[in-house]
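Student: Here it is, the structure in full.
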Ligand SMILES: [Zn+2]
């Protein structure tokens, strides 16, 4: 089975954000243990007194909030880069992400559209594995704080809503919601989502570039990342460049 851990960045209710971003990390079922241990080890170095209490969330790390308050700026920035580097260094990691410009999908719910994109692309990834003789089911695991109202509602009606998007053949069950404090894997998803948001929202590729090569791709074509934007708004991101060429 493949597990896709998801988190959002850029609240759908915050009008200052043009984009809603949903992104995360897909791994084979045996991998999360190893990746969690790597993040535990990093937490141990940053905060030896209480490593288990140190939650990795992109926004908190870079702005020194919550448990990251009092950690020197350089240490925080290095820790974020190192955590993303763990994902970047593994060929077992398949990233998925969707950046949805609100104006591009209005009056639709941008988070619903982002979720639709990710579900479809994860399903197609599993279909590709199946064609290669590696049949796997997929399960989506999302941060429970993620867009609490609409994404959870969507999950509740997943079978009917999912049907509207074209049948999802390879998912084992409806998405599950977990507390991000309880799993390091959702924390990885948050760090990917935050790096992706900075890329699309602020044009800052510093952290996105560390992991961008891990978005699901085949033969040089990126399938795992999508950008929905108004047609009139030019964009030179990796997705829009690819669409033009
Ligand atoms: Zn773009």
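Numbering (my numbering), first residue to last: 56 to 300.
Glycine residues also receive a C-beta, built at the ideal position from the N, C-alpha and C atoms.
#1: Which word fits residue 224, buried or exposed, when buried means at least 16 other C-beta atoms lie within 10 angstroms of its C-beta?
#2: Please state the DSSP three-state secondary structure of residue 270.
#3: Cβ of residue 278 within 9 angstroms of Cβ of residue 176?
#4: Would you check if the stretch 233 to 245 and the stretch 192 to 201 touch, i.e. whether three or more CB-CB distances between them fall below 8 angstroms?
#5: Which residues does DSSP list as the beta-bridge partners of residue 156?
#6: Residue 89: buried (16+ other C-beta within 10 angstroms of its C-beta) or exposed?
#7: Quick check on the DSSP output: what are the complete alpha helix (DSSP H) runs of length 4 or more inside the stretch 110 to 161, in order along the chain?
#8: When you measure from the CB of residue 255 to every non-hydrogen atom of ligand 1, does any distance come out below 8 angstroms?
#9: Specify the secondary structure class of residue 247 as computed by DSSP and reduced to three states.
#10: Smallest Cα separation from residue 293: which of 285, 286, 270 and 287?
#11: Beta-carbon distances below 6 angstroms to any heavy atom of ligand 1 define the shell here; list its residues in chain order, please.
#12: How long is the line joining the alpha carbons of residue 171 and residue 190, rounded to whole angstroms?
#13: Count the other CB atoms within 10 Å of the CB of residue 282; is the residue buried (16 or more) or exposed (fewer)?
#14: Going by beta-carbon coordinates alone, are residue 152 and residue 280 separated by less than 9 angstroms?
#15: Use the C-beta contact count for residue 242: other C-beta atoms within 10 angstroms, 16 or more gives buried, fewer gives exposed.
Tutor: With the given structure in hand:
#1: exposed
#2: strand
#3: yes
#4: yes
#5: 74
#6: exposed
#7: 113 to 118, 128 to 143 and 157 to 160
#8: yes
#9: helix
#10: 270
#11: 282, 284, 290, 292, 294 and 295
#12: 22 angstroms
#13: buried
#14: yes
#15: buried
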